[in-house]
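Worksheet: one structure, shown below.
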Amino acid sequence: EIITAILSKGEIFGEKAILGEEIRNEFAQAIDKETSICPITTNVMIDLLRENKEFSLKIYKFIGYRFKKLERRLQLLLFKDTKTRLKEFIKELGEDFGYKNVITGDLIIRQPYTQKEMATVIGTSRPTLNILLNELKEENYLDFDRKEITLKKLKSIVN
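As structure tokens, this is what we get:
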């Protein structure tokens with residue numbers, strides 16, 4: 054199993070179908086019971102794209118963003134060590150799920166993933182991920198619990 058993306062509210066899945074992919078080799082799985090899905094056929098989607106230029110532009114920008122993110126993740130997997138991949142993944146989580154604590158300057162990330170899911174995304178095992186998280190905690194880079202990661206003093210993660 055390879056996790057290529059973990060989607061959140063308002064995101065789409067199966068976008069390669071509008072680019073001509075006929076045989077699907079991916080599937081989606083909800084990680085909670087509150088997820089709702091709005092299925093749409095390829096033909097209906099193509100009609101929507103033809104009829105609404107603003108919607109069409111947003112979809113193509115989204116597809117470009119998704120490909121950029123996958124390329125970046127591939128480069129990390131190929132050329133970076135596991136600790137660097139973890140740090141980069143946590144920074145991405147911060148962009149998607151984080152907010153700054155105005156008092157401490159820390160970045161609080163309320164993330165929906167298990168350690169197993171995080172490990173799969175960065176290409177490592179869950180025990181290795183746990184070791185690395187504990188190392189980063191000892192280095193005062195972050196703190197974490199089951200559903201929250203705190204990046205210490207946001208300014209320290211810029212580099």
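Numbering (the working numbering), first residue to last: 54 to 212. For each residue, glycine too, the CB sits at the ideal point set by N, CA and C.
*asked:* Going residue by residue through the stretch 131-164, where are the continuous beta strand (DSSP E) segments of at least 3 residues, counting only ones entirely within it?
replied: 151-153 and 160-163
_Cut-off 7 Å between Cβ atoms - residues of its own chain near Phe-66, not counting five sequence neighbours on either side_ = Leu-60 and Ala-81
*Provide the residue span of the alpha helix (DSSP H) that contains Glu-188, from first to last.*
179-191
_Reference Pro-165; option with closest CA among Phe-150, Ile-76, Ser-109 and Lys-111_ = Phe-150
*Looking only at its own chain, which residues have a Cβ that is under 7 Å from the Cβ of Gln-168, when we skip the five neighbours before and after it?*
Arg-179, Leu-182 and Asn-183
*Going by beta carbon distance, what residues of the same chain come within less than 6 Å of Ile-162, once the five residues before and after it are set aside?*
Contacts found: Leu-146, Gly-147, Phe-150, Gly-151 and Ile-202.
*Can you tell me whether DSSP reads Thr-203 as helix, strand or coil?*
strand
*Are the Cβ atoms of Leu-185 and Leu-195 separated by less than 8 Å?*
no
*Rounded separation between Ile-112 and Lys-106 - CA only*: Counting only the Cα atoms, Lys-106 lies some 10 Å from Ile-112.
*Could you name the residues of the same chain whose beta carbon sits closer than 8 Å to that of Leu-160, not counting the 5 residues immediately before and after it, in chain order?*
These residues qualify, in order along the chain: Gly-147, Gly-151, Tyr-152, Lys-153, Asn-154, Thr-203, Leu-204, Leu-207 and Ile-210.
*Whole-Å CB distance - Thr-177 paired with Thr-137, under 8 Å assumed*: Going by Cβ atoms, the distance from Thr-177 to Thr-137 rounds to 12 Å, so no, they are not a contact pair.
*Roughly how many whole angstroms lie between the Cα atoms of Gly-117 and Ser-109?*
12 Å
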